[in-house]
Each structure stands twice: as structure tokens, then as C-alpha cells.
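To convert, take the position in the sequence shown, counting from 1, and add 1082; that gives the numbering used here. Idealized CB from N, CA, C, for every residue including glycine. Data block below; observations after.
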Amino acid sequence: MFAAALFDLDGTLVDTEPRSRAAWRRLFLAHDVPLDEDVLASFAGRPGKTVLAENHHRFPGEPAVDELFAEAMSYATGTAPALPGAVALVRALHETGLPIGVVTSGTRDYAHAELDALGVRALFGTIVTAEDVSRGKPDPEGYLLGCARLGVEPAGTVVFEDASAGVEAARAAGTFCVAVTTADLAADLVLADLTETGRALGARLGLADEAFSTR
1083 MFAAALFDLD
1093 GTLVDTEPRS
1103 RAAWRRLFLA
1113 HDVPLDEDVL
1123 ASFAGRPGKT
1133 VLAENHHRFP
1143 GEPAVDELFA
1153 EAMSYATGTA
1163 PALPGAVALV
1173 RALHETGLPI
1183 GVVTSGTRDY
1193 AHAELDALGV
1203 RALFGTIVTA
1213 EDVSRGKPDP
1223 EGYLLGCARL
1233 GVEPAGTVVF
1243 EDASAGVEAA
1253 RAAGTFCVAV
1263 TTADLAADLV
1273 LADLTETGRA
1283 LGARLGLADE
1293 AFSTR
């Protein structure tokens, strides 16, 4: 049995990736900065300010990273839906008494707002955000902190991720990592979405196979 579960937020619990990609595209376009697919992909799963700092020299006049980040966030409007199976899995795990948490590269206010929109923020024992760590994903600091806050060992923790940076962070922390993606990521288990979790992990999560078909 796992002792705890930690979730990434964007792209794992909530389908914010299309909205985020559109915001980053708009930011670069607004400053007449060419944006190729490699740069755009580098934002996935990583702190936005970190990626902006890496590309800071490309912006005319080099406006402050904090200003660029705030501008990008102003473009990320609209409500993003939960990903299939996400809310059902969170609620099911909470009902079993398993400690659960979120480890995200987003800011605290952002994470709280997204989880409130899903109606699940109160179910998490800890929410680790960009303000809580000095090194973002792919560094394992966030997942190690999440485990420490929940009082569990990484080896007994399952992590749900969707991006290569997050998978790298989870595995470096020593957790069991489940990638929720159609990409070929080097996780311990790869699922198309969270509706498959009960069948794939079974008793290790303390959930019946049909836990999600009835929710």
C-alpha cells in the first residue's frame, strides 16, 4: 500500500495546458519575440519565471521577469476544466484516509484558485507551490517537501505527473511516479488519464476497480 499520494496540478488535475500555451504565445508575440516550439514546450511542468529568466535576453529592453510573468498571467483567462478522472480520484483517495497533496510549479494564489474551482482544495493535506521552494521542477525539492509535510517517506508515495520535468523531479525524489499522458515518458507507470488509476494500481491505492465508474 502507498502511504500517500502527491499530484501535479496543471495538465494532471486540470486541463490548463491549452490556456497556458496560448498565454505564453501571446506574451512573446506582444514583445515581437520569435517563439519556437522547443521554447514553448520548455514551459511545461516548470516554473514560468524560471523559463522566462532563461529567455530574458530575447525581450527588447529586457523588462523585469516579474513584469513579464504578470503580463502572461493576465492573458491566462477563462476557466479550465478538470481532466478525466481527476476529481473522482482525489475524492476517492481522501475518503480512504490516504494523505494527499499537490506539488505545483504555479504560484500559491493560482493553485488555490484552480483547486477551489474544482471544489477539492480542502481535501489536500498540503499544497506545495513555487513560493515554497528555491529550486523548481525538475529538481526534486518540491516532492521531497510534500512528503515531509505529509509525514511520509518518498519510497511509499505515489506521484501523478504529466510533464517530463515533473516526472524527473518525482523519480529523483525516490517516489513511484505515474505519468498521465500520451507521451513516452520514463515514469514507473503511464496512463492515458486518471480514470485508469483504479484498475492500474488496484489495492496499492486501496480502491476497487470500479471506483471511478460509479462517480
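Is DSSP giving residue i helix, strand or coil here?
| i | result |
| --- | --- |
| D1221 | coil |
| L1271 | strand |
| E1136 | helix |
| F1151 | helix |
| G1288 | coil |
| A1168 | helix |
| A1162 | coil |
Can you tell which of the options has the C-alpha that lies nearest to the C-alpha of residue i?
| i | options | result |
| --- | --- | --- |
| T1132 | A1251, R1217 and P1163 | R1217 |
| T1186 | E1144, F1242, E1153 and E1177 | F1242 |
| A1193 | W1106, A1254, A1230 and I1209 | I1209 |
| R1101 | L1117, A1230, L1150 and P1163 | P1163 |
| T1263 | G1093, M1083 and A1087 | G1093 |
| P1166 | G1188, V1096, M1083 and A1261 | V1096 |
Taking the continuous alpha helix (DSSP H) assigned at residue i, which residues delimit it?
| i | result |
| --- | --- |
| L1109 | E1099 to A1112 |
| A1123 | E1119 to A1123 |
With a CB to CB cut of under 6 Å and the five nearest residues on each side skipped, what residues in its chain are close to residue i?
| i | result |
| --- | --- |
| R1297 | Caution applies to R1297, whose pLDDT of 39 falls short of 50 and renders its modelled position unreliable; the value that the coordinates give is listed next. The answer, listed in chain order, is A1170. |
| A1105 | A1154, Y1157 and A1158 |
With a threshold of 7 Å on Cβ separation, who are the neighbours of residue i within its own chain once the five nearest residues in sequence on each side are excluded?
| i | result |
| --- | --- |
| D1221 | A1251 |
| G1256 | P1236 and A1237 |
| L1232 | A1086, P1181, G1183, G1207 and T1208 |
| H1138 | E1144 and V1147 |
Along the chain, where does the beta strand (DSSP E) containing residue i start, and where does it finish?
| i | result |
| --- | --- |
| F1089 | A1086 to F1089 |
Taking 9 Å as the threshold (beta carbon to beta carbon), is residue i in contact with chain C?
| i | result |
| --- | --- |
| Y1225 | This model lacks chain C altogether, as it is built from one protein chain only. |
Ignoring anything shorter than 4 residues, give me the alpha helix (DSSP H) runs that lie fully in the region 1170-1232, in order along the chain.
1190-1200 and 1223-1232
To test your reading of the DSSP string, which unbroken beta strand (DSSP E) runs of 3 or more residues are found completely within the region 1237-1267?
1239-1243 and 1258-1262
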